[in-house]
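Under our numbering, the first residue of the sequence shown is numbered 14, with each subsequent residue one higher. Beta carbons: idealized from backbone N, C-alpha and C, even for Gly.
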Amino acid sequence: MEKTTKRRRGDRKDGVLLRNLDGMHFITPIIYPNRCDNEAYISETIDLTNMNAYLQKKNAQSADFPYTMFHIIVAALIKTITLRPKMNRFIANKNFYQRNGVSASFVVKKQFADEAAEALAVVRGKDESTLDTIHEDLRHQIMDCKDMTKTDTSTDFMDIFNRMPRWLGKFIVWILTRLDVHGWIPASIIETDPYYCTVVISNLGSIKLHSGYHHLTNWGTNSLFAIIDEKHLHPFFNADGSYEMRDALRLGLTVDERIADGVYFAKSVTLLKKLLSEPELLDLPIQTPVEF
Numbered sequence: 014m015e016k017t018t019k020r021r022r023g024d025r026k027d028g029v030l031l032r033n034l035d036g037m038h039f040i041t042p043i044i045y046p047n048r049c050d051n052e053a054y055i056s057e058t059i060d061l062t063n064m065n066a067y068l069q070k071k072n073a074q075s076a077d078f079p080y081t082m083f084h085i086i087v088a089a090l091i092k093t094i095t096l097r098p099k100m101n102r103f104i105a106n107k108n109f110y111q112r113n114g115v116s117a118s119f120v121v122k123k124q125f126a127d128e129a130a131e132a133l134a135v136v137r138g139k140d141e142s143t144l145d146t147i148h149e150d151l152r153h154q155i156m157d158c159k160d161m162t163k164t165d166t167s168t169d170f171m172d173i174f175n176r177m178p179r180w181l182g183k184f185i186v187w188i189l190t191r192l193d194v195h196g197w198i199p200a201s202i203i204e205t206d207p208y209y210c211t212v213v214i215s216n217l218g219s220i221k222l223h224s225g226y227h228h229l230t231n232w233g234t235n236s237l238f239a240i241i242d243e244k245h246l247h248p249f250f251n252a253d254g255s256y257e258m259r260d261a262l263r264l265g266l267t268v269d270e271r272i273a274d275g276v277y278f279a280k281s282v283t284l285l286k287k288l289l290s291e292p293e294l295l296d297l298p299i300q301t302p303v304e305f
């Protein structure tokens, strides 16, 4: 879904400068310039009843790399952001930008051991993307990340800086922080940097941790962080006051509150919850509209 419109003065290689903002959104990044100072946290509990049934059906046909909740959540986030484009905005150098494409990033642990290395993975949405194509992209990304002989490009550069004399490494990183403000960092350095992606996803449930808050960073352009909880039993109440215990998970979202208003965020979360409760909608291309 990379946009191919001609770049104008003020645009970045990863985003288009938003020139027709209202006065409040023009002023906001000037008086509140730091992303970390403008975090809003949203927590939602997701009923997994329909998702569990959908996964059982999908995995009857796919045994080598089974579909999981994580795959559905990644696809649902990418579709939500595609259909709700303000969620794909970022602020840099006190300016608003519309990102050129939708991307989701996450960290892969090569082994479940204290000293095991980590690798960075990025999945990019395309016009024709569906859950099946995103599932296949995730399979390739995860297999590459778990390969002990491979490292991603961003990790390679961090290792190079780490091997330098400390004063030199710090000086070069300081230069990069200045380039970061203007979007001038070479693409090869940040190719797999999660903080240059639309959404960073942390699957804490995979390591038996509960969902919680995660901060944003002033480095990069990331405006949305998603935390996935461990699956657990949760009471869901009926209108008569009775309740049922069903599988659920908590989803924590940290957003840069400057990129949109509360109503826009609320409608975006409503769409995300609909996609997670009706995962069949993810079988269609991500640009297919959804009523919610």
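- Nearest neighbour of Val115 by Cα position, chosen from Lys122, Val136, Asn108, Lys107, turns out to be Val136.
- Secondary structure note for Glu149: it is in no beta strand (DSSP E), and the uninterrupted alpha helix (DSSP H) holding it is 144 to 159.
- Contact between Thr211 and Ser167 does not hold, since the beta-carbon distance rounds to 16 angstroms and is not under 8 angstroms.
- Listed in chain order, the non-local C-beta contacts of Val120 below 8 angstroms within the same chain comprise Glu131, Ala132, Leu133, Ala134, Pro207, Ser215, local neighbours out to five positions each way being set aside.
- Excluding residues up to 5 positions away in sequence, Val121, Lys123 lie with their Cβ nearer than 7 angstroms to the Cβ of Lys159 in the same chain.
- The continuous stretches of beta strand (DSSP E) do not include Arg191, which lies in the alpha helix (DSSP H) extending over residues 179 to 195.
- Here DSSP, grouped into helix, strand and coil, assigns Tyr226 to coil.
- Look at Asn231 here: in three-state DSSP terms it is coil, with no helix or strand label.
- For the alpha helix (DSSP H) assignment, the region 97 to 133 encloses no uninterrupted run of at least 4 residues.
- Around the C-beta of Met156, fewer than 16 other C-beta atoms lie within 10 Å, and the residue is accordingly described as exposed.
- Annotation: Ala53 to Gly275 spans about 10 angstroms, alpha carbon to alpha carbon.
- Counting C-beta atoms within 10 angstroms of its own C-beta, His84 has 16 or more neighbours from the protein chains shown and is therefore classed as buried.
- Comparing alpha carbon positions, the residue from Tyr277, Gly36, Thr234, Phe305 closest to Val29 is Thr234.
- Residue pairing of Gly265 in beta bridges, as defined by DSSP: Ser56, Ile240.
- Beta-bridge analysis with DSSP links Ser219 to no other residue.
- Residue Ile86 holds the alpha-carbon nearest to the alpha-carbon of Ile147 among Asp169, Ile86, Asp35, Arg176.
- In the assembly as shown, Ser236 is a buried residue. Its beta-carbon has 16 or more other beta-carbons within 10 Å.
- Residue pairing of Arg20 in beta bridges, as defined by DSSP: absent, with no partner found.
- Contact check for Ala261 against Ile59 passes: the beta carbons are separated by less than 8 angstroms.
- Taking all protein chains in view, the Cβ of Asn72 is surrounded by fewer than 16 other Cβ atoms within 10 Å, so the residue is classified as exposed.
- For Asp260, the pairing in a beta bridge is given by DSSP as Leu246.
- For Ile104, the closest of Ile203, Leu217, Trp232 by C-alpha to C-alpha distance is Trp232.
- Counting only residues of its own chain and dropping the five nearest sequence neighbours on each side, Trp187 has no CB closer than 6 angstroms to any other CB.
- Under the DSSP definition of a beta bridge, Ile214 partners with Ala239.
- Leu31 has its alpha-carbon roughly 12 angstroms from the corresponding atom of Arg20.
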